[in-house]
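For the sequence shown, the residue numbers in our numbering are 694 to 961. Glycine included, each C-beta is placed from N, C-alpha and C at the ideal position. Report on the structure given below.
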Amino acid sequence: MPNASALIGFDDIMATYKVSPERLRQVMANHAVTGFPVLVQDGSGGGLWDREAVEVWMGELVQAPQVAGLLDLKRAITVHTYAKKPGYFIDPDQVELTPGGLERKRWRRDRVLAWDAARTGRGNPVPIGPRPLPPEPEAEAGVDTSQETVTTAEAALLLGYANVSSFTSAYSQGLVRGLGEPTGPEAQSGRGGRSRRWDTQLVLQEAERRRGDVAGRRARVETCLAALRTADGSPVSAVALQQSDTAGGTLDEWKNALTQARRQFKTG
């Protein structure tokens, strides 16, 4: 069995290389494409990988096709498109000229994965803050919650979304649970179009559930920040935090909270 100091776990890989938990799981699961080192030890406490092999893999220079594999992109040309946007993608670590005069760019894997973890939207390098809590329905001006149904715009407002597009996108992705199907277009909108309508009570129940989810997420991030401050540079494990959680947060929720807390902790 390898020496414990020669091994590294999932949480420590995330912390060391600033990789998001979702991307790291994807990279590991797709190791036939990404080339990520195979698991050397499995157990109840989580998998372990060879520390040196991970370090070598992270530091290797890769071209656009390999970057696309890391980021789960369908085509390498998307990476070149990223690289052409001023200030959007990271600069290459190496640029060579081919005999035909074309540039061949290479990036370190760890820098690509750290960039991916830090981005929150197209062209936005600023780490995202905690999502706002959905407003209290009874405090919402302009929304009559005594009616049986509300418009899409009113539902978005009650649920705390910034606009109708954000709400409909989340709904189409299955991120808004419990609303059921909207009714057919019955009411005229301000521009003459017709708006779908939603059951008011289901919308209010979903808003209450979302407030609980967001409050729980904030509490987990605060707990992770406190643990990072107390650790003073020592490793902090999402597994240990989840095991001490009496509110029933899942391990994935704690991993996500720890990732966000590490970003906030790093930026002060």
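Of all the options LEU764, ALA846 and GLU874, which has the alpha carbon lying nearest to the alpha carbon of ALA810?
Counting from one through the sequence shown, the residue named residue 810 turns up at place 117. The option with the nearest alpha carbon to ALA810 is LEU764.
Could you check where the beta strand (DSSP E) with GLU796 kicks off and where it finishes?
Translated into the one-based positions of the sequence shown, residue 796 becomes position 103. Residues 796 to 801.
Whether or not the region 836 to 851 and the region 891 to 904 are in contact is what I'm after, with contact meaning three or more pairs of Cβ atoms, one per stretch, closer than 8 Å; do they touch?
yes
Under 8 Å: do the region 796 to 807 and the region 762 to 776 share three or more Cβ pairs, one atom per stretch?
yes
Do you know offhand how far PRO843's Cα is from LYS948's?
Counted from its first residue, the sequence shown places residue 843 at position 150. Counted from its first residue, the sequence shown places residue 948 at position 255. Per the sequence shown, residue 843 should be read as Val rather than Pro. CA-to-CA, the gap between VAL843 and LYS948 works out to about 36 Å.
Classify PRO928 as helix, strand or coil using the three-state DSSP reduction.
Here residue 928 refers to the residue found at position 235 when the sequence shown is read from its first residue. In the three-state reduction of the DSSP assignment, PRO928 falls in the coil class, being assigned neither a helical nor a strand state.
Cα separation between GLN957 and GLN719?
Position 264 of the sequence shown holds residue 957. Position 26 of the sequence shown holds residue 719. So the two alpha carbons sit approximately 24 Å from each other.
Pairwise C-alpha distance: ARG955 and GLU915:
What you label residue 915 is simply residue 222 of the sequence shown in a count that begins at 1. What you label residue 955 is simply residue 262 of the sequence shown in a count that begins at 1. Taking the straight line joining both Cα atoms gives about 11 Å.
When ALA931, ALA807 and ASP705 are compared against VAL712, the one with the closest alpha-carbon
Taking the sequence shown and counting its residues from 1, one reaches residue 712 at position 19. Taking only the C-alpha atoms, the option nearest VAL712 is ALA807.
Would you report the Cα separation of GLY740 and GLY702, rounded to the nearest angstrom?
Within the sequence shown, residue 740 is the residue found at index 47, counting from 1. Within the sequence shown, residue 702 is the residue found at index 9, counting from 1. Approximately 6 Å, taken between the alpha carbons.
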